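To start, the structure under review is shown below, and the notes come after it.
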Amino acid sequence: SLSTKSYSTRGEQHAHPLARRLFDIAEAKQSNLVLSADFTDSKSLLQAADSLGPYLAVFKTHVDLVSDFDSSTVKGLNELAKKHNFLIFEDRKLVDIGSTVQKQYHGGVLHISEFAHLVNLSILGGDGIVDALTQTVNAPNFPYPGERAFLILAEMTSKGSIAVGSYTEKCIELARKNPKSMLGFVATRALSDLLPSAGIAGEDFIVFTTGVNIASKGDNLGQQYQTPSDAVARGADFIIAGRGIYASEDPTKTAQEYRQAGWNAYLTRVGQ
Ligand code: 5BU
Numbered sequence: 003s004l005s006t007k008s009y010s011t012r013g014e015q016h017a018h019p020l021a022r023r024l025f026d027i028a029e030a031k032q033s034n035l036v037l038s039a040d041f042t043d044s045k046s047l048l049q050a051a052d053s054l055g056p057y058l059a060v061f062k063t064h065v066d067l068v069s070d071f072d073s074s075t076v077k078g079l080n081e082l083a084k085k086h087n088f089l090i091f092e093d094r095k096l097v098d099i100g101s102t103v104q105k106q107y108h109g110g111v112l113h114i115s116e117f118a119h120l121v122n123l124s125i126l127g128g129d130g131i132v133d134a135l136t137q138t139v140n141a142p143n144f145p146y147p148g149e150r151a152f153l154i155l156a157e158m159t160s161k162g163s164i165a166v167g168s169y170t171e172k173c174i175e176l177a178r179k180n181p182k183s184m185l186g187f188v189a190t191r192a193l194s195d196l197l198p199s200a201g202i203a204g205e206d207f208i209v210f211t212t213g214v215n216i217a218s219k220g221d222n223l224g225q226q227y228q229t230p231s232d233a234v235a236r237g238a239d240f241i242i243a244g245r246g247i248y249a250s251e252d253p254t255k256t257a258q259e260y261r262q263a264g265w266n267a268y269l270t271r272v273g274q
């Protein structure tokens, strides 16, 4: 069943320090909103983080879209995350063998581990990716102990997605085996009922839902949207919106509307 516990209760009870921090941020800012900041230059990316940051729990990046991405982009993201108290989620969708993803995540040209509290991955290749990234963030010399974790890409919002059924179930299985590094899922709804062993005592996976838009049903490239209130009612703990906010006439005002819609839906779900 989807969680009807408050963010503060979940934060108090959660075993992972990054989950505790995320729930604290949500409560403090009364926001379960994630901006999908799909900008193609550093200036626009950092400007959005600064102007919309006050309304966000999490700032989601695709830094490989940023044509002038460099160490000053990383520095700017880190400074703004502190200034506005949000986490950063790099929507990298790591998918390769364990040895390769370790190098893509920690180091490489994108320096993902230096700025992204959360990164998502796909288990298309099996368990190796989960084991590899778990090892990286738990290594004794990893510079950000307790401050980094992953989300498993368990479903996708696009038409014809084959991340369904037994694939999605395998995602849950692997998260359950690795709660110290896998904080939850990117999915279109709560997943905790999908396996017969659902509801293992103490587990609390966090669901991030993309494809959230108040004004549109989809785009002409297969994206499919749901509203903030539908997403939260179906089990989203954090709602992710991109063009619905940043391509609107007044992004600051729209971000506040999405924040309020997401928060009201959360209050309804938890019965407050
Ligand atoms: P939009 O502008 O709200 O449609 O942007 C959606 C964002 O979420 C965009 O960055 C996608 O890459 C991302 N996304 C998605 O749309 N659907 C998915 O299943 C996943 C990510 Br995972």
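Going letter by letter, the sequence shown gives residues 3 to 274 in UniProt numbering. Note that CB positions come from ideal geometry on N, CA and C, so glycine has one too. Keep in mind that this is a model prediction, so the values were computed, not measured.
Close beta carbons around VAL43, own chain, < 8 Å, minus the five adjacent residues each side:
In the sequence as displayed, the identity of residue 43 is Asp instead of Val. Annotation for ASP43: VAL68, SER69, ASP70 place their beta carbon closer than 8 Å to its own, counting only its chain and skipping 5 residues before and after.
Since ASN122 sits in a beta bridge, which residues does DSSP pair it with?
Answer is LEU153, bridged to ASN122.
Rounded to whole angstroms, what's the CA-CA distance from ALA21 to VAL209? Just pull it up for me.
ALA21 and VAL209: Cα-Cα distance of roughly 12 Å.
Relative to the C-alpha of SER33, which candidate in PHE240, LEU82, ASN140 has its C-alpha closest?
Out of PHE240, LEU82, ASN140, PHE240 has the C-alpha closest to the C-alpha of SER33.
Should PRO142 be labelled buried (16 or more other beta-carbon atoms within 10 Å of its own) or exposed?
Counting other Cβ atoms within 10 Å of its Cβ, PRO142 stays below 16 and is therefore classed as exposed.
Using the Cα positions of LEU48 and LYS77, report the straight-line distance between them to the nearest angstrom.
Their backbone Cα atoms lie some 10 Å apart in a straight line.
Straight-line gap, HIS108 to SER115 (C-alpha atoms, nearest Å):
Going from the Cα of HIS108 to the Cα of SER115 covers about 5 Å.
Would you mind reading off the limits of the beta strand (DSSP E) that contains LEU35?
Run containing LEU35: 35-39, per the beta strand (DSSP E) assignment.
Is DSSP giving LEU89 helix, strand or coil here?
If DSSP states are grouped into helix, strand and coil, LEU89 belongs with the strands.
Taking just the CA atoms, how far does SER160 sit from LYS45?
Their Cα atoms are separated by approximately 29 Å.
Bridge partners for GLY167 per DSSP, in chain order?
Per DSSP, none; premise fails for GLY167.
Min CB distance ALA28 to chain C below 8 Å:
As a matter of chain content, chain C is missing from the structure shown, which is built from one protein chain.
Would you kindly report the start and end of the unbroken beta strand (DSSP E) that includes GLY186?
GLY186 -> beta strand (DSSP E) spans 184-188.
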